[in-house]
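Below is one structure, written out as structure tokens, with a few remarks after it.
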Amino acid sequence: MYSLYLKFSQTLNKKDKLSILLMMLLIFMSSCLEVLGIGIILPYLAILLDTEKILTLPFMSEIYSTLKDSGLVNGITHFLILSTFLIIVFYWLKNIFFIFSLRYQVGFNYNLYTRMSSDLLHYYLNESYLQHINRNTSDIIRNVNQQTLDLIQGFLFPILLLVTEVLVVLLLLAFLIAINPIATLYVFVLIGVCVTGIFYYSRAKLQESGEIVARNRSASNKAVLQSLGSFKTTKMLGKEAFFVNSFNSAVQQMSIANQYLDLTQSLPRFFLETSIVTVMMSLAMILLYQGQPSGELILMLSVFGLAGIRLLPSMNRILNALNSIKYMQGVLKDVMRDIVSATNMNNTVQINENFRTNEFVFESLTLKNINFNYVANTPVLKNISLTIERNQSIGFVGHSGSGKSTLIDIMLGLLSQDTGNTLINGRDIDDVLPEWQRNVGYIPQDIYLIDDTIKANIAFGVKEDYIDYAQVMTVLEVAQLDDLVCSLPNGVETVIGERGVKLSGGQRQRIGIARALYHNPQILVMDEATAALDNVTEKAFMRAINNLKGKKTLIMIAHRLSTVKDCDIICFMENGEIIDSGSYKDLSANNTKFKEFKVN
0 MYSLYLKFSQ
10 TLNKKDKLSI
20 LLMMLLIFMS
30 SCLEVLGIGI
40 ILPYLAILLD
50 TEKILTLPFM
60 SEIYSTLKDS
70 GLVNGITHFL
80 ILSTFLIIVF
90 YWLKNIFFIF
100 SLRYQVGFNY
110 NLYTRMSSDL
120 LHYYLNESYL
130 QHINRNTSDI
140 IRNVNQQTLD
150 LIQGFLFPIL
160 LLVTEVLVVL
170 LLLAFLIAIN
180 PIATLYVFVL
190 IGVCVTGIFY
200 YSRAKLQESG
210 EIVARNRSAS
220 NKAVLQSLGS
230 FKTTKMLGKE
240 AFFVNSFNSA
250 VQQMSIANQY
260 LDLTQSLPRF
270 FLETSIVTVM
280 MSLAMILLYQ
290 GQPSGELILM
300 LSVFGLAGIR
310 LLPSMNRILN
320 ALNSIKYMQG
330 VLKDVMRDIV
340 SATNMNNTVQ
350 INENFRTNEF
360 VFESLTLKNI
370 NFNYVANTPV
380 LKNISLTIER
390 NQSIGFVGHS
400 GSGKSTLIDI
410 MLGLLSQDTG
420 NTLINGRDID
430 DVLPEWQRNV
440 GYIPQDIYLI
450 DDTIKANIAF
460 GVKEDYIDYA
470 QVMTVLEVAQ
480 LDDLVCSLPN
490 GVETVIGERG
500 VKLSGGQRQR
510 IGIARALYHN
520 PQILVMDEAT
530 AALDNVTEKA
540 FMRAINNLKG
550 KKTLIMIAHR
560 LSTVKDCDII
570 CFMENGEIID
580 SGSYKDLSAN
590 NTKFKEFKVN
């Protein structure tokens, strides 16, 4: 528990820590008011049982005499009526203060959750592409949406609750010791044994249950994402039951683990209630055996009874808080490292609606002796060296697995080479990475479309008020989508559904092309950008792209040689190497393997 707390404390900034200190002060004041609320009942009950007690109780006789001499009360009955009114007012004010204190705690906790979940998403988005592809999407969704909430609801809430209730119990203990130390010791020893026994019996199983929930929460997310992501294939192969069973298996294990948590949260109340009643009855018998007068016996039992009424929920909450914290040690074990890293990350989210870096002017991209492996001793790229000049067009061709897309990812700065250098304008790519990436229009093989309008998908990440409508229409024309959009009732405001399900594959690809062109990039990178287009559309699109030759730097990967035929240079790749380069005409005339590739 302490190690988890230390990690959690690393996620707090100075303002958070000051807020927690203020909450501790509010908690202490609340605890004092709780005990005071019970303490003022004792003399009140004593006077109700025996009005003559007002003359012998410490402080009460002085208060009564002062009020009587000032004319505010004219007798004991009048004093009791005034006391009743003041006690009612005190309890109202006490609970209003409690509500304020609780509101502050809840506000702080959920503001912290908002910040942590946003920081965690930002952290994942700032990871390298290689780190990203080694993560599972279901784990990221679990961590961002659920684990950060668990940290607040299952760890921070219980810690604050634990501090509150322990303070209440300690102050009540001090109050009861002042009244009857022997009886108090008897009460707290029995209750303490009960609480300690319950916690130590359940703690190991609770942590194990937390680990089961964390593991299977990710598995259930994975089953849902995979089944919905492969909906057509699932339907065609009749594999609905496979995914439902996978989901059901994970949820069943989570349910069993959560049942144990819920049971351990509920059972203590019954044990504690039985223990307190047993203690109270035993105390009554002891006091009777000692020959206590009935009036004092009733008063003593009333005070201990009131304390017991307050102690029962306090002890129950203490146990539940301890159980929850122990449970969360299993749930949060894996994600805490990411949450701490996210909090410590120096970068902050920058919202730049203009997106462009006007000062950056691309001159050249140089690769020197690039080598890269995804897995050790399994080279994907070997000794790649080339230079791409401003406004040059270059195409990469080769069989699948020859390393074309990996090479593009290194050029884009998404992957870092194992050895060698990637230079932009003669500088290391890492030194100019934001400027470089913000001036590249990238069209990947698989276009991801958001569940929004055509306009929002093209501008991508730009707020509605900042979208340039004229630029949207311009790039739609280049991407050969203007006729389709004009035929739609809502035009560019048409919502295309999740992942663009309301569009054909070719239409989705063309929206990706329009997106890459929207920001008017200096460099256009196309990774099989025309693969989903029909021949007629591809020819029209390539005519538009060829019109950009000499105006933009064009980098293309293609299986269809017609796509790269007009490039200034074509690089022919095989087994992670550029085995030849030149114009289409030169390669066709001089390279046998390229000729075979053309035929195939």
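The opening residue of the sequence shown carries number 0 in numbering that gives the first Met the number 0; numbering runs sequentially from there.
We put the CB at the ideal spot given by N, CA and C, even for glycine.
Where does residue i land, buried or exposed, given buried means 16+ other C-beta within 10 angstroms?
i	result
L20	exposed
A478	buried
S399	exposed
Y63	buried
Q206	buried
N346	Since pLDDT at N346 reaches only 43, below the 50 mark, its modelled position is unreliable, and the value read off the structure follows with that caveat. N346 is exposed by the Cβ-count criterion.
N351	The predicted model places N351 with a pLDDT of 47, which falls under 50 and marks its position as unreliable; any figure quoted below should be read in that light. Burial call: exposed.
N489	exposed
H77	exposed
A588	exposed
S561	exposed
A557	buried
F58	exposed
N12	exposed
F540	buried
L71	exposed
K14	exposed
V348	Bear in mind that a pLDDT of 44 at V348, under 50, signals an unreliable position, so the model cannot answer this.
K594	exposed
A469	exposed
Please report the residue range of the alpha helix (DSSP H) in which residue i lies.
i	result
D408	K403 to L411
V339	M335 to N343
I19	K13 to G38
H131	Y128 to I132
S60	M59 to D68
G400	That residue, G400, is in no alpha helix (DSSP H); it is neither H nor E in DSSP.
G511	G504 to Y517
L175	F156 to I178
I151	From DSSP, I151 is part of no alpha helix (DSSP H); its letter is neither H nor E.
L432	L432 to Q436
S137	T136 to I140
Are the CB atoms of residue i and residue j nearer to each other than 7 Å?
i	j	result
M335	K6	yes
S217	R141	yes
I522	F395	no
C570	S392	no
S30	L170	yes
I190	T183	no
K381	E126	no
M327	G153	yes
N220	M253	no
V474	A528	no
T405	T10	no
V471	I457	yes
S208	L160	no
A213	F246	no
L129	L414	yes
L502	T493	no
I442	G511	yes
T147	Y112	yes
I80	T50	no
For the beta strand (DSSP E) holding residue i, just list the boundary residues, first then last.
i	result
Y441	V439 to I442
K381	T377 to E388
F99	Segment I75 to L124 is the alpha helix (DSSP H) holding F99; no beta strand (DSSP E) there.
V374	S363 to V374
G601	Residue 601 is absent from the structure shown; the chain starts at 0 and stops at 599.
S392	S392 to G397
L523	I522 to D526
Since residue i contacts residue j with CB under 8 Å, what's their CB separation in whole angstroms?
i	j	result
L44	S301	5 Å
N179	M299	7 Å
L647	R498	For residue 647 there is no data in the structure shown, the boundaries of the chain being 0 and 599.
S384	E573	With 8 Å as the limit, S384 and E573 do not qualify as a contact, their Cβ atoms being about 16 Å apart.
K93	G38	12 Å between Cβ atoms; not a contact.
I338	L150	7 Å
N390	G549	5 Å
Counting only runs of 4+ residues fully inside the region 537-599, write out the alpha helix (DSSP H) ranges in chain order.
DSSP runs (the alpha helix (DSSP H)) wholly in the region 537-599: 560-563, 583-589 and 591-598.
Considering only residues of the region 439-490, which uninterrupted beta strand (DSSP E) runs meet the minimum length of 3 residues and lie entirely inside it, listed in chain order?
439-442
Contained alpha helix (DSSP H) runs [length at least 4] in the region 205-244, N- to C-terminal order
230-236
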